[in-house]
Amino acid sequence: MTNETETNDQSKSTGSRPKFRAWLVQDTPEGEAHWTELSGLWPTKSGKGFKGNLTTPLAATEGRLVILPASFKPGKEG
């Protein structure tokens with residue numbers, strides 16, 4: 019059985035780019051949004067979901083989880 023980390027590493031090594039990215043968005047009292055990328059997301063083998071590894075240590079205890087196409091750049095939320 020292959021675990022998700024091995025499968026994810028294989029996807030990266032073959033040059034495939036993530037289809038989506040997971041972001042943590044924290045809103046400030048001033049109304050600004052701070053975006054932190056959590057992970058790229060690749061389709062699972064079954065095609066029924068997505069997987070990725072956390073790339074950023076999380077110090078935040080609250081915020082919005084936003085999943086957007088990999089081409090998205092912060093500051094262009096629509």
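Just so we're aligned, residue 19 is where the sequence shown starts under my numbering, counting upward by one. We put the beta carbon where it would ideally sit given N, CA and C, even for glycine.
Coarse secondary structure for F90, derived from DSSP in three states: In the structure shown, F90 sits in coil (DSSP, three-state: anything other than H, G, I, E or B).
Within 8 Å, strictly: CB atoms of G70 and L59: Cβ atoms of G70 and L59: closer than 8 Å.
Assigned exposure category for P36 - 16 Cβ within 10 Å defines buried: Result: buried.
Coil, strand or helix - P75 by DSSP: Look at P75 here: in three-state DSSP terms it is coil, with no helix or strand label.
Proximity to P87 [Cα-Cα], best of D45, A51 and P61: Relative to P87, the option among D45, A51 and P61 whose CA is nearest is P61.
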